[in-house]
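These notes concern the structure reproduced below.
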Amino acid sequence: MTGIVQRDADGRNEARDQLFSGNNPFDLTRRWLDEAWQSEPNDANAIALATAGTDGLPNVRMVLLKEIEDGGYVFYTNSQSAKGGELAANGQAAFVMHWKTLGRQVRVRGPVEAVSAAQSDAYFNSRHPQSRAGAIASEQSRPLDSRDRLVEDTRAVRERHDDAPPRPDHWHGYRIMPVEIEFWADGEHRLHDRFRWTREAPQGDWTITRLYP
Ligand SMILES: Cc1cc2nc3c(=O)[nH]c(=O)nc-3n(C[C@H](O)[C@H](O)[C@H](O)COP(=O)(O)O)c2cc1C
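See the structure below:
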C-alpha cells in the first residue's frame, strides 16, 4: 500500500507503536482478530452492523464477519431482511467490533456492495446442510406464526434438496469497502489510544491520524 500520510492531532508525524503498526489496515484487523480468537470465549468475529434506510433512522444488529479481504469486510445475510432493505435503499454501513478480553475495538464505515455469486456460493456451501436449509426456510425479519412452522419448513427444504440445498439468490455476502477505519485500545486511567485511517474513496490512499480518546 502506498501514499500513507501519518499525523498526530497536532500535525506532527509519529511512529505508531507495535500494537497499531503497519501500513495495511486489513492486516492490522486480521492481527487483532487473530489475537481475539485466542482470548474471547466465542464469536470473536461478531460485529455490530449499523445501517439506515431512507428514513435515516439507524438500525443495528450483530452479524458475523466472515472474510477480511484487502479492501473489504464481508458478512452474509438475507437481502430480503430489514438490513437488506436498508442496504438497498442506502448502500452504506458501519460496524464496530469490541473485544472485552483485549480492551480493543475496531470501527469501520463505508459503501457496501454484494460479493460475487461464486463467493457467496463458496461460503453457503461450506455451511452445515441444516444451516443452509434454515437460511432458505427463514423469511428473515418478517412475522412468523410459530417456531413449529420454521422447523417444519426447514425440514421440508432438506427433504426437497437431498441434503444439499443450493443458495437462494436473496442470501448472499455483502462487502463493506471502508473509507474510514478506527483502531482503539484501552489505556491506563482512560488515556486510550485511537488511530483513525481515512481515505476519500475505496482504493484511495490512507491518511492515519491519532485522535484524542
Ligand atoms: C452473535 C450473533 C451473530 C449473528 N450473525 C448473523 C449473521 O452472520 N447473519 C445474519 O443474517 N444474522 C446474524 N445474526 C442475527 C442478526 O443479529 C439479526 O437478528 C438478523 O440478521 C435480522 O436482522 P435484521 O432484521 O436487522 O435484518 C447474528 C446474531 C448474533 C447475536
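For this note's numbering, add 45 to where a residue sits in the sequence shown, where the first one is 1. Even glycine gets a Cβ: it sits at the ideal position worked out from N, Cα and C.
**Study point:** Length-filtered (4 minimum) alpha helix (DSSP H) runs lying within the stretch 64 to 107
**Key:** Along the stretch 64 to 107, the alpha helix (DSSP H) occurs as fully enclosed runs of 4 or more residues at 70 to 84, listed in sequence order.
Point to revise | Asp193 in three-state terms, based on DSSP | key: It is helical.
**Study point:** Same chain, Cβ closer than 6 Å to Ala163, neighbours up to 5 away in sequence not counted
**Key:** There are no such residues.
Review point. Where do the ends of the beta strand (DSSP E) carrying Ala230 lie?
Key: Unbroken beta strand (DSSP E) run through Ala230: Glu225 to Ala230.
Check your understanding: What's the gap between the Cα of Val105 and the Cα of Ala97?
Key -> Take the alpha-carbon of Val105 and the one of Ala97: they are about 9 Å apart.
Check your understanding: So, are the CB atoms of Asp231 and Phe65 less than 8 Å apart?
Key -> In this structure, Asp231 lies away from Phe65, with their beta-carbon atoms at least 8 Å apart.
Point to revise | Given 8 Å, three or more beta-carbon pairs between the stretch 213 to 226 and the stretch 189 to 196 | key: Between the stretch 213 to 226 and the stretch 189 to 196 there are fewer than three inter-stretch CB-CB distances shorter than 8 Å, so the stretches are not counted as touching.
**Study point:** Span separating the alpha-carbon of Thr47 from that of Asn69
**Key:** Low confidence applies here, because Thr47 scores a pLDDT of 43, under 50, leaving its location unreliable; read the following figure in that light. Whole-angstrom Cα-Cα distance: 9 Å.
**Study point:** N- and C-terminal bounds of the beta strand (DSSP E) containing Arg152
**Key:** First-last of the beta strand (DSSP E) with Arg152: Arg149 to Ala159.
Point to revise | Residue list, Cβ distance to ligand 1 heavy atoms smaller than 5 Å | key: Cβ-based neighbours of ligand 1 within the cut-off: Asp88, Ala91, Arg106, Met107, Val108, Leu109, Thr122, Ser126, Ala127, Lys128 and Ser186.
Exercise for review: Would you grab the beta carbon distance between His217 and Ser84 for me? Rounded to a whole angstrom, and I think it's under 8 Å.
Suggested key: About 31 Å; that fails the 8 Å criterion.
Review point. Whose C-alpha, out of Ala246, Asp250 and Trp242, is nearest the C-alpha of Arg61?
Key: Out of Ala246, Asp250 and Trp242, Trp242 has the C-alpha closest to the C-alpha of Arg61.
**Study point:** Where Lys111 sits in the DSSP three-state scheme
**Key:** It is a strand residue.
Practice item. If I'm right that Val18 touches Val160 with Cβ under 8 Å, what's the distance once you round it to whole angstroms? Key: Since the first and last residues shown for the chain are 46 and 258, residue 18 lies out of range.
**Study point:** Own chain, CB closer than 6 Å to Ile181, minus 5 neighbours either side, in chain order
**Key:** Only Val202, Pro210 and Pro213 meet the Cβ criterion.
Point to revise | Of the listed residues Trp77, Gln137 and His173, nearest to Val151 (C-alpha basis) | key: Ranking the options by Cα distance to Val151, first place goes to Trp77.
Review point. Between Glu184, Ala91, Ala178 and Trp144, which lies nearest to Phe228 when the distance is taken from Cα to Cα?
Key: Residue Trp144 is the option with its Cα nearest to Phe228.
Practice item. Pick out whichever of Gly116, Gln63, His173 and Asn87 has its Cα sitting closest to the Cα of Glu158. Key: Ranked by Cα distance from Glu158, the options Gly116, Gln63, His173 and Asn87 are led by Gly116.
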